[in-house]
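For what it's worth, UniProt numbering labels the leading residue of the sequence shown as 1, then goes sequentially.
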Amino acid sequence: MLNRSSLKDQALEVIRQDLVSGEIRPGEIHSAASMAARLGTSSGPVREAMLTLVEQGIMEVVPNRGFRVTDLSDHDLDEVHELRMMLEVPAMGRLAELGLGAHAGAVRTAARRCEEAARRQDLSEFLVTDREFHLGLLELLGNGRLVKFVGQLRDQTRLYGLQVLAREGRLQESAAEHVELLAAIDDGDADRTALVMARHLAHARSDWGPGPATALAPS
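What follows is the structure in C-alpha cells.
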C-alpha cells in the first residue's frame, strides 16, 4: 500500500523495482488501472509514473491497452554506450582536475552503500545507489543538463543484466570500480580517471547483452 505523499514518485520507484526484479518484462503490456490495483492506489499517479518512464525511453504507450517496456536492440544499447563514453569519460577526467572538495564525504557514502547493496545482492538498492553515485559525481561539475541527459541514458539501459550480475557475483566487482574511480580522482590524475571510467562503462555494456560495444572502450 502506498502512502498519500508523493504517490507518483512512490509508484515510479515500485515500477522500477519490478523492472529490475523481472516482475515486469520487456514486451508485456500493463494498464495503469491494473498496476494501481496491485499497488493499492488510484490510477492517476501510476499513469503519471508510467508516462515518466515513456519520456525516459523505458516504456512505450500501447494505444487502448496500456504500457509496455521497450525492448532495446543491441544497436540501441551500443548507441547509448557510445554517448555515455563521449560524455562521462571526459567529464570524470575534468572532475579529477577540479577535485571533490566538500562533497567528498557524500560520494564516498554513496559508493559504500552501493558496495553493501552488492554484497547483499539487493538489486533495487544497488540500482538506486549506483545511480546516486555516478550522477552525484557529475553534479559536482555544475552542468545540470549533463546530469539530466546522462540520467536518462542510464535509465534506458541500467535495468538490463542486473539479475545476471547478481547471480554471478559481479555486482561487487562493479561496485569496487567505484572505489578505484574515487582513488584516481583523489590523486588528481585525469588520464587515469578517464581510463577507469571508460573501463567501467565497457563492463556495464557487456553486462547488458551481447554486441560489439566493448570495442568502443580502450583496452
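Note that the Cβ used here is the ideal one computed from N, Cα and C, for glycine as well.
| Where does residue 89 land, buried or exposed, given buried means 16+ other C-beta within 10 angstroms? | Within the sequence shown, the letter at position 89 stands for residue 89. Buried, since its Cβ has 16 or more Cβ neighbours within 10 Å.
| message | Which of the three DSSP states is assigned to residue 168 in this structure? | response | Working through the sequence shown from its first residue, we reach residue 168 at position 168. Three-state result, residue 168: coil.
| request: Use the C-beta contact count for residue 107: other C-beta atoms within 10 angstroms, 16 or more gives buried, fewer gives exposed. | output: Working through the sequence shown from its first residue, we reach residue 107 at position 107. With 16 or more Cβ atoms within 10 Å of its Cβ, residue 107 is classed as buried.
| task | Compare the beta carbon distance of residue 104 and residue 172 with 7 angstroms and say whether it is the shorter of the two. | result | Taking the sequence shown and counting its residues from 1, the one referred to as residue 104 is at position 104. Taking the sequence shown and counting its residues from 1, the one referred to as residue 172 is at position 172. No. Outside cutoff.
| For residue 66, three-class secondary structure by DSSP | Taking the first residue of the sequence shown as position 1, residue 66 is located at position 66. Correct three-state label for residue 66: strand.
| field | Contacts around residue 152, its chain only, beta-carbon distance under 6 angstroms, and the 5 residues preceding and following it disregarded | value | The sequence position of residue 152 within the sequence shown is 152, counting from 1. Residues of the same chain with a CB within less than 6 angstroms of the CB of residue 152, apart from the 5 flanking positions on each side, are 56 in chain order.
| query | In its own chain, which residues sit with a C-beta less than 8 angstroms from the C-beta of residue 203, not counting the 5 before and 5 after it? | reply | Against the sequence shown, residue 203 aligns to sequence position 203. Answer for residue 203: 173, 174, 177, listed in chain order.
| Spatial distance of residue 125 from residue 63 (CA atoms) | As a position in the sequence shown, residue 125 is number 125, starting the count at 1. As a position in the sequence shown, residue 63 is number 63, starting the count at 1. So the alpha carbons of these two residues sit roughly 33 angstroms apart.
| message | residue 41 and residue 12 - do their beta-carbons sit closer together than 7 angstroms? | response | As a first step, residue 12 must be located in the sequence shown, where it is residue number 12. As a first step, residue 41 must be located in the sequence shown, where it is residue number 41. Not a contact, by the Cβ cut-off of 7 angstroms.
| task | Would you kindly work out how many angstroms separate the C-alpha atoms of residue 140 and residue 82, rounded to a whole number? | result | In the sequence shown, counting from the first residue as 1, residue 140 sits at position 140. In the sequence shown, counting from the first residue as 1, residue 82 sits at position 82. A direct Cα-to-Cα measurement between residue 140 and residue 82 gives close to 22 angstroms.
| task | Might you give, ordered along the chain, the residues of its own chain that have their beta carbon closer than 6 angstroms to the beta carbon of residue 97, omitting 5 neighbours on each side? | result | Taking the sequence shown and counting its residues from 1, one reaches residue 97 at position 97. Once the five neighbours on either side are set aside, the close Cβ partners of residue 97 are 190.
| said: Just to confirm the assignment, what range does the alpha helix (DSSP H) spanning residue 75 have? | reply: Walking along the sequence shown from the start, residue 75 turns up at place 75. Where residue 75 is concerned, the enclosing alpha helix (DSSP H) starts and stops at 74-98.
| Which one of 134, 143, 148, 169 has the shortest CA to CA distance from residue 197? | For the purposes of this step, residue 197 is taken as residue 197 along the sequence shown, with counting starting at 1. Of the residues 134, 143, 148, 169, the one whose Cα lies closest to the Cα of residue 197 is 134.
| field | Helix, strand or coil at residue 15 [DSSP, three-state] | value | Position 15 of the sequence shown, counted from the first residue, corresponds to residue 15. Residue 15: helix per DSSP, three-state reduction.
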